[in-house]
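Q:
Residue numbers (my numbering): 1 to 31.
1) Can you grab the Cα-Cα spacing for the pair residue 7 / residue 16, in whole Å?
2) Taking the alpha-carbon positions, what's the residue 27 to residue 3 distance?
3) Does residue 22 come out as helix, strand or coil in the three-state DSSP assignment?
Right under this line is the structure:
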């Protein structure tokens with residue numbers, strides 16, 4: 001269970017990073 005929690009947290013962390021990168025890319029594209 002602990003291992004699953006770590007994997008899930010890592011997934012959310014990676015997702016947040018990807019969203020941040022996409023947001024910055026789109027922002028630069030609009031500007």
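Even for Gly, the Cβ is constructed at its ideal location relative to N, Cα and C.
A: Straight from the coordinates:
1) 14 Å
2) 36 Å
3) helix
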